[in-house]
Each structure stands twice: as structure tokens, then as C-alpha cells.
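In what follows, a single structure is set out as C-alpha cells and then discussed.
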């Protein structure tokens, strides 16, 4: 299967590596020149669950890829999805499947501007990864990768990708409810990510604060209202808050990614979490003042730190 | 006039000093042992608008004062008002005037538990002050001190205090609308104080952020709704937001007091600003989700920093 990885950061490299080892014809796409040069010259140096390897891989910039693909995994940052889709539109054919495992809300709508719905497969993953240097990455976890066809009639297409991910060791799983999982993950990121970034603190300390119940309930109630009205997804507020506390207690003294974004002067994905809920609530004629204000505060923090919006 | 200063921090010392220089019989009250000893031993060392002086002054702990007072100026932190009132209840007689110039909301209600309304005089001041060491303070400004009787029939009492403040150089002014001024000041503290504390930034940077309009409008709208329903005070949202921006531009690269509280591991006055609006909104049957969440976030920040609530 001819597969492109659109956005070959740490997670993209991990997926591309395991797919290629499984015999797929993989091309990594990325915009980072140093990373491209390092992988072209020395191969990808990758550590998967502690096991190091070096793998020769094809990598180029998105607009340099000429051939139509069978499948494309998008692995950009949320705000990079639209710019990436513009750059790879020419390799998306009538049957090219586009698989989206990004965190955050609203990506299906972005994809539909570039891909027929029947070819879109949405999903979530709990693999984690990091970049140690250009061309040097690590990849950790046991999956799963949950997938579901965006078009209800296209289950077969999703099952085919699941099969490929399974045989590659990426632990693909067919899900009947990817949208629910996506919303639940968004609740995690919209609470612990946003609060830790705002309060400049680790998850354990934020969740030990005296006002955590009020903060979680306030945010989750707004996520829940929009999930119901927009996607007919039921997120029980009390159950979700209990789940978040459970996740937090297992993660502990850790700075989540949005905090790391600010610490490293990168724009956050807040517009695709609390910001997406605030924006949707306006569209739906309800209100999400807390999500709006958290989005405002995070953007103010970006501005104060001199971080400019991503435009690649 | 026998006057006690209940809470002789920087501002209290400034008032006490100028009142005593004007011939009033002043006693400073405070709980800080080092400060009491320094002033008792060496006198108060004070710099008023750049001019240094040393003044012998009477100072003791609140419960050590035995005589009934003619007037008491309260100068505690907001959360210190109630504990202070308990400690000085025994020197409040049938005609003792209690003058409250504290920032924040809800103080009249606290005072009414200890003082007859006819004896309460509410006010605001723009004098600023600081403590450099125990017994060493500075005091700056040109006033004014706006005063108004809490009981509409007691204008004469307020005018008498205004007169004393005028002759002392404290620039007393009778106000027909102290409650409006108090709400307007609370809007300043509930926006720039709270936002700078949360975003760990100076006023100029917070007000230069791309989301400042949304943040200000959101907070001020909730203050405005409660001011109207609770006190029949009209705070026009657009005018107030314009006023806040104006104040911010004149203050510039400055960390406001709530930021300094957190930086010095002191509890903030958030419960008497955004917290008071959230609490009142519940009582009034309306909603103030933004003020509630900002209060939650500031308390979470206090908890993360290991700051415990003031109980003196």
C-alpha cells in the first residue's frame, strides 16, 4: 500500500517506521529542513519501546510528492492540518483514504474541504512519541489506534486500515464510537492541559487544588452541552469529571503538552479544544463563557510570551 | 478626636501620622509584633511624598486598646476586616464612627454585624503606600479620600470626618456616590489585578494581548449585572472597558497588588472582587460563570503555591 505520512514529527515517524517494517511503501512528508536532511542522509534513528533501530526512509516536503497515494495519515499539529491539506491536495485521488488521528475537535470539517467524506477515516491513538534531534525520535506505547469511517457506509475501508495497523504492530482497533472517544480525549486536554498551562503547574498540583471540582465541572458542562447538540454524543458530566480525576491521578507530577508548548514558545492547540467548544456554542445559540475565557487567557499568555500563530 | 487606626500597615500609618500631626489623639492598632516594637521603641519612620520624618506614636494590639474611640479607620486586608472587627468591638461605642476605605466589595455587610449603620462611613482612596521595614513606611499621593455616610440620614457625621481629613492634608471629599466609585475600583481590581496575577504579567502586556476586549467585556458584564441588581448602580460596560484601558495605559509596566501577593506567598483578595460578584450572582439568581472561574483559578494558584488562607 502506498502510504504518505503527512507531518512526520515524532508520532508520524513512529507510524511510518512500523508501517514500512511491515512492508508498506511509505513516504514521510515534513516541512522541517534539518529533519528531512538528517533522515535522507543517515536514515531515521528511532527507539520503539526502548529498542533502537536505524531505518532508511523516503522523506520530502509535502509539495514534492508527485504520486497519488492509497492512504495518507495526517499527523500535523491541529493548526497545521489545513495548511498541510492544501499542500497535499494533488496526491489525493478518488480512492485515497485519509486517516486523521489528531487530538482536538473540528478536524472532520477541515478534511471535508479536501477529501470526499467516503474516504475519510477518523480515529484516536494513545501512542506517545518525542523528537530528540533532527532525524532522531522515540515512540512508546501499546496502542490502541481506534478507527472509524466518517461515512457510515464505508466500514470496509476502515477495516482495511485497521488490518494494516494490526499487522504492523500499531494495534489498530475498529471502533463504533470514535467521536465519543474524541470528545472524551478533548475533555482531558481541555481541562488538564489548559489548566496546567494557565496555572504554570503540574497535573497533580492542579488536581489537588481546592477549586478543582468547580473548575472541572464548569468546563466539562460546556463540552457536554456542545457534544450533545452538535454531535449527539452524551458526556455525563459527573462521570467525566470522575474519569478526569482518575486519569490525573495516574499521570501525576507531569507538565502536559500545552504547558510545554508555552514553555518552548510554541502556539497552543487551545482553538481546537476549549476554543472549538466556545465557537460551536455561538453557532448553536448556546453559551460557553468559561471555555471562551480560558481560550482568551491562553491566547493572552501566548501574546505575552511573544508567540505568534502558526502559519505553515 | 480620639481616633484608632485598625490595621496599621503602610496606608494606616500614613493616615495615622497625618491625623496626629493635625492634633488628633491617634492610636495605631496592629498584630505584627516586630512593627509594634519598632514603632514603640524608635517612633514611626515615615516618608510622605518624599519628605522623611520620625514621629512618636502610640501603637498596640487591637485587644489591648481599652478606651472607647470617637472614630476608627479600618485599614486591614479585605479578609482581615471581620477578624479585626471582632477584636475591636469593645471600643466601639454608641457614637463611634467607623470609616472603611478598603478596596473590594461586601465590606458594608461585614461592618453592619459590629457597628450600627448610622455610624458607618464608607469611602475610597487613591493614596498609595508601602512598608520598607518594621516601623518604616512611605506614603504617596494627593488623595482624594471620598467619603459617604452608609445611612442616608447621617450626612453630618460624614462631613465631620471629611473636615478632619481635609485639615490633615488627606484631602477628604464628600461624595454623593461612593458605592459607584467602589464598584468602579472593583472593576479595575477584578480585571487588571486578577488577569495579571493569573497570567503572571505586567498590566501593559496583558492589555496588549489580542483577547483583551473579550476578557474585559466578559468580566465587566458580570460586575455590571450584579451592581445593578444588588445596589442599583449603573456600570455601562463599554464605558467601563474604555475606562479600564485608559487606566491601564497610564499605569504601564507594573505588577498590580494581587500579582505581588502571589509572588510573596500571601493570599489574594479575589473573594472580595470576582469572588464577591460570583457569590452575589448566585444569591440574586443570575449567573457569573467567568468571575467564578477566575476566582477558582486564583485559588488554585494559591493552593499550588502553598498559600493558606489568612485567619488573623
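Residue numbers (UniProt numbering), protein chains in the order written: chain P, 1 to 312; chain E, 1 to 312.
All C-beta atoms, glycine included, are put in the ideal place defined by N, C-alpha and C.
From a predicted model like this one, the values you see are computed outputs, not experimental measurements.
9 Å Cβ cutoff, residue i in contact with chain P
{"i": "residue 300 of chain E", "result": "yes"}
{"i": "residue 311 of chain E", "result": "Caution applies to residue 311 of chain E, whose pLDDT of 42 falls short of 50 and renders its modelled position unreliable; the value that the coordinates give is listed next. By this cut-off, residue 311 of chain E is not an interface position."}
{"i": "residue 261 of chain E", "result": "no"}
{"i": "residue 144 of chain E", "result": "no"}
{"i": "residue 200 of chain E", "result": "yes"}
{"i": "residue 281 of chain E", "result": "no"}
{"i": "residue 169 of chain E", "result": "no"}
{"i": "residue 224 of chain E", "result": "no"}
{"i": "residue 191 of chain E", "result": "no"}
{"i": "residue 268 of chain E", "result": "no"}
{"i": "residue 218 of chain E", "result": "yes"}
{"i": "residue 181 of chain E", "result": "no"}
{"i": "residue 293 of chain E", "result": "yes"}
{"i": "residue 212 of chain E", "result": "yes"}
{"i": "residue 227 of chain E", "result": "no"}
{"i": "residue 186 of chain E", "result": "no"}
{"i": "residue 208 of chain E", "result": "yes"}
Assigned exposure category for residue i - 16 Cβ within 10 Å defines buried
{"i": "residue 45 of chain E", "result": "buried"}
{"i": "residue 311 of chain E", "result": "Note that residue 311 of chain E has pLDDT 42, beneath the 50 cutoff, so the model's placement of it is unreliable and the number below is only indicative. Classification for residue 311 of chain E: exposed."}
{"i": "residue 308 of chain E", "result": "exposed"}
{"i": "residue 250 of chain P", "result": "exposed"}
{"i": "residue 128 of chain E", "result": "exposed"}
{"i": "residue 152 of chain P", "result": "exposed"}
{"i": "residue 382 of chain P", "result": "Outside the displayed range of chain P (1 to 312) lies residue 382 of chain P, so it cannot be described from this structure."}
{"i": "residue 271 of chain P", "result": "buried"}
{"i": "residue 90 of chain P", "result": "exposed"}
{"i": "residue 293 of chain P", "result": "buried"}
Interface flag, residue i vs chain E, CB-CB below 9 Å
{"i": "residue 296 of chain P", "result": "yes"}
{"i": "residue 205 of chain P", "result": "yes"}
{"i": "residue 240 of chain P", "result": "no"}
{"i": "residue 195 of chain P", "result": "yes"}
{"i": "residue 271 of chain P", "result": "no"}
{"i": "residue 289 of chain P", "result": "yes"}
{"i": "residue 215 of chain P", "result": "yes"}
{"i": "residue 249 of chain P", "result": "no"}
{"i": "residue 304 of chain P", "result": "yes"}
{"i": "residue 157 of chain P", "result": "no"}
Cβ-Cβ separation, residue j to residue i (assumed contact under 8 Å), whole Å
{"i": "residue 62 of chain E", "j": "residue 29 of chain E", "result": "5 Å"}
{"i": "residue 278 of chain P", "j": "residue 230 of chain P", "result": "In fact, because the Cβ distance is near 13 Å, the residues do not count as touching under 8 Å."}
{"i": "residue 204 of chain E", "j": "residue 253 of chain E", "result": "5 Å"}
{"i": "residue 135 of chain P", "j": "residue 38 of chain P", "result": "3 Å"}
{"i": "residue 73 of chain E", "j": "residue 120 of chain E", "result": "So it is not a contact: roughly 12 Å between Cβ atoms."}
{"i": "residue 1 of chain P", "j": "residue 25 of chain P", "result": "7 Å"}
{"i": "residue 54 of chain E", "j": "residue 43 of chain E", "result": "5 Å"}
{"i": "residue 105 of chain P", "j": "residue 186 of chain P", "result": "5 Å"}
{"i": "residue 140 of chain P", "j": "residue 49 of chain P", "result": "6 Å"}
{"i": "residue 12 of chain P", "j": "residue 75 of chain P", "result": "4 Å"}
{"i": "residue 97 of chain P", "j": "residue 157 of chain P", "result": "6 Å"}
{"i": "residue 291 of chain E", "j": "residue 239 of chain E", "result": "So it is not a contact: roughly 19 Å between Cβ atoms."}
{"i": "residue 22 of chain P", "j": "residue 168 of chain P", "result": "4 Å"}
Residues bridged to residue i [DSSP beta-bridge criterion]
{"i": "residue 54 of chain E", "result": "E/45"}
{"i": "residue 2 of chain P", "result": "P/25"}
{"i": "residue 146 of chain E", "result": "E/124, E/173"}
{"i": "residue 97 of chain E", "result": "E/71"}
{"i": "residue 137 of chain P", "result": "P/46, P/131"}
{"i": "residue 60 of chain P", "result": "P/29"}
Test: residue i CB closer than 9 Å to a CB of chain A
{"i": "residue 285 of chain P", "result": "Checking the listed chains, one finds no chain A in this structure; the protein chains it contains are P and E."}
Open item on the list: Residues of the UniProt domain "Ketopantoate reductase N-terminal" (3-150) of chain P in Cβ contact with chain E at a cutoff of 8 Å, in chain order, please.
Closed with: none
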